[in-house]
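Respectively, the protein sequence lines represent chains A and B. Under the numbering used here, the first residue of the first sequence carries the number 1, and numbering increases by one thereafter. Under the numbering used here, the first residue of the second sequence carries the number 127, and numbering increases by one thereafter.
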Amino acid sequence: MVPPDLNGWLFMHELSLAHDMTRIIGSALGRKIPLDRVNVTIGPLSGISPESLRFCFTEVAKIEGFGEPELVINRTRAKLICLDCDAEYETKDFYQSCPDCGSISRRILSGREFTVDSVELEEGND
Amino acid sequence: MCDDTVDQKVDIATSVMSRNDRFAADNRKLLGDKDIYTLNLISSPGAGKTTVLEFMARFFGPRMAVIEGDIQTRRDAERIEKAGCQAWQIETGGACHLDAHAVNHALGHMNLDPSELELLAIENVGNLICPSGYDLGENMRIGLLSLPEGDDKILKYPSLFSSINVLMINKIDLIPHLDFDVDRAIEECRSLNPDVLVFTVSAKTAEGMEEFCKFVELNFI
Chain A
1 MVPPDLNGWL FMHELSLAHD MTRIIGSALG RKIPLDRVNV TIGPLSGISP ESLRFCFTEV
61 AKIEGFGEPE LVINRTRAKL ICLDCDAEYE TKDFYQSCPD CGSISRRILS GREFTVDSVE
121 LEEGND
Chain B
127 MCDDTVDQKV DIATSVMSRN DRFAADNRKL LGDKDIYTLN LISSPGAGKT TVLEFMARFF
187 GPRMAVIEGD IQTRRDAERI EKAGCQAWQI ETGGACHLDA HAVNHALGHM NLDPSELELL
247 AIENVGNLIC PSGYDLGENM RIGLLSLPEG DDKILKYPSL FSSINVLMIN KIDLIPHLDF
307 DVDRAIEECR SLNPDVLVFT VSAKTAEGME EFCKFVELNF I
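This is the structure in C-alpha cells:
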C-alpha cells in the first residue's frame, strides 16, 4: 500500500521559521552568499522541533541563495525555580520535579528562546 | 586556516520571532486604541473551540467579533455569524498556526468601528504546538483541553500550557465515561504556570460557560 501524498511538510511551522531565518541572515549580511554554518539556539519551550527545522532550513537556505550551510543547533534547558524550596534548576523534561525537594510547584524563568546567533561564511566570501 | 574561519564568523544574535513580535505589537496598539479586548484561543482540533465561541457569540452578540483560523473552509465563520457575531475567516492554506501578520491583515478587512464592539476572539488553527510561539497581540491567551484528549496532554505540550493565562477544560459532561483526572490536569498545568486560571466547562451543555463569559467580560467593562 502506498500512503497518500499529503505534502505534509507544508504543515510544519518550522518552514515559515526557516524563511524568517533566511530573512534575518540576509538583512544582517546585506547580501546573499553561500554559508558554511548557521548557529542557532533553541529552548525547550520554543515549540520548535529541531529536526524539522533542520529539514526545512536546508531546503530554504538553498532556494534563497545561501548554499548548503550546516545548521548547528544549541539546545538549551529551561531554567525553573521551585516555589516550595527556592532551588533553581534546569531541565528539558517537564516531568522532572525539583531535584532538591521533589515538588512540581515551580515557576519557569526561561526556555522560550529561538535565536539566530551567528553565521560562518565559506572561505573566499568574507 | 582555523584563524580564517574565526574571521569569517558574523554575529547576528536576533530572535527569529522578532518580525512576528513587531506585528503583534502593532495589533496590540491598534486594538488597544479602539478599546477592544482580544483573546487567542488555542487547542487541538476537535477540542471545542468553535462551540465555545458559538456560546460566547450568543452571550456577547455584536459586542464581540471573531477571527477564525483554519487550514480550509469558511464553515467555522458561518457558524459564528449564525450565532450573532461578525466573523472573519483566515484560510491559512496549509499553515498550522496563525501569525501576527495574518491577524493584522484580517483586522484591515474587519469593521472594528462599531461603538458596541468590545471583544475580539481569535480562534487559532487546531494545534497544540505551532501556535504556542506566536504572539498575535492578544490580551489573554486561552488553552482549551477537552476530556477525550486525555489528562496527560499538559506536560506533553509544555510550550503551550506554560504560556496561557487561562486553562479551559471542556466536555466535562463526559466525566462519567472517561478516565480523565481533572485534578491531575490542573496540578500539572500549575506546575508549568502557577498563575493560570482554570475553568471547567461543557460548551455543549453550557455548564460553566456563563461563568466563563462573565469572567472575560470583567476584563474590559
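No residue lacks a Cβ here, since even glycine has one placed at the ideal position from N, Cα and C. Computed from a predicted structure; not experimentally measured.
message: To test your reading of the DSSP string, which unbroken beta strand (DSSP E) runs of 3 or more residues are found completely within the stretch 31-71 of chain A?
response: Within the stretch 31-71 of chain A, the complete beta strand (DSSP E) runs of at least 3 residues are 35-42.
- request: For the alpha helix (DSSP H) containing residue 82 of chain A, list its first residue and its last residue.
  value: From DSSP, residue 82 of chain A is part of no alpha helix (DSSP H) but of the beta strand (DSSP E) over 78-82.
Residue 66 of chain A versus residue 121 of chain A: straight-line alpha-carbon distance, rounded: One C-alpha to the other measures close to 10 Å.
Beta-carbon proximity list for residue 153 of chain B, same chain, < 7 Å, skipping 5 on both sides: For residue 153 of chain B, where only same-chain residues beyond five positions count, the Cβ hits under 7 Å are 226, 229, 230, 233, 262 and 263.
task: Would you grab the beta carbon distance between residue 247 of chain B and residue 179 of chain B for me? Rounded to a whole angstrom, and I think it's under 8 Å.
output: Confirmed, about 6 Å.
query: What whole-angstrom Cβ distance do residue 323 of chain B and residue 296 of chain B have, given they're in contact under 8 Å?
result: About 15 Å separates the beta carbons of residue 323 of chain B and residue 296 of chain B, which is beyond the 8 Å limit, so they are not a contact pair.
query: How would you call residue 235 of chain B, buried or exposed, if buried means at least 16 neighbouring beta carbons within 10 angstroms?
result: Counting Cβ neighbours within 10 Å, residue 235 of chain B comes out exposed, since fewer than 16 surround it.
Cβ distance (whole Å) where residue 281 of chain B is taken to contact residue 95 of chain A below 8 Å: At roughly 6 Å, the Cβ-Cβ gap stays under 8 Å, so residue 281 of chain B and residue 95 of chain A are in contact.
task: Could you name the residues of the same chain whose beta carbon sits closer than 7 Å to that of residue 352 of chain B, not counting the 5 residues immediately before and after it, in chain order?
output: There is no way to answer for residue 352 of chain B, as the model of chain B reaches only from 127 to 347.
field: The beta strand (DSSP E) enclosing residue 135 of chain B, as first and last residue numbers
entry: Taken as a continuous stretch (DSSP letters only), the beta strand (DSSP E) holding residue 135 of chain B covers 135-141.
- prompt: Distance, Cα to Cα, residue 241 of chain B vs residue 190 of chain B?
  reply: Distance between the alpha carbons of residue 241 of chain B and residue 190 of chain B is about 11 Å.
- prompt: Smallest Cα separation from residue 24 of chain A: which of B:150, B:151 and B:145?
  reply: Just measuring C-alpha positions, the residue of B:150, B:151 and B:145 sitting nearest residue 24 of chain A is B:145.
task: May I ask you to list, following chain order, the residues of the stretch 90-124 of chain A that have a beta carbon less than 7 Å from some beta carbon of chain B?
output: Contact residues of the stretch 90-124 of chain A toward chain B are 94, 95, 104, 105, 106, 107, 108, 114, 115, 116, 117, 118, 119, 120, 121 and 123 (C-beta to C-beta distance below 7 Å).
Straight-line gap, residue 122 of chain B to residue 284 of chain B (C-alpha atoms, nearest Å): Because residue 122 of chain B is not part of the residues shown, which for chain B are 127 to 347, the question remains open.
message: Using beta carbons (cut-off 8 Å, strictly below), is residue 86 of chain A in contact with chain B?
response: No - not a single Cβ of chain B is within 8 Å of the one on residue 86 of chain A.
query: Going by Cα to Cα distance, which pick from B:160, B:238 and B:279 is closest to residue 170 of chain B?
result: By alpha-carbon distance to residue 170 of chain B, the top candidate from B:160, B:238 and B:279 is B:279.
- prompt: Counting pairs of beta carbons, one from the stretch 101-118 of chain A and one from the stretch 34-42 of chain A, are three or more of them closer than 8 Å?
  reply: Flag = yes, the stretch 101-118 of chain A and the stretch 34-42 of chain A touch.
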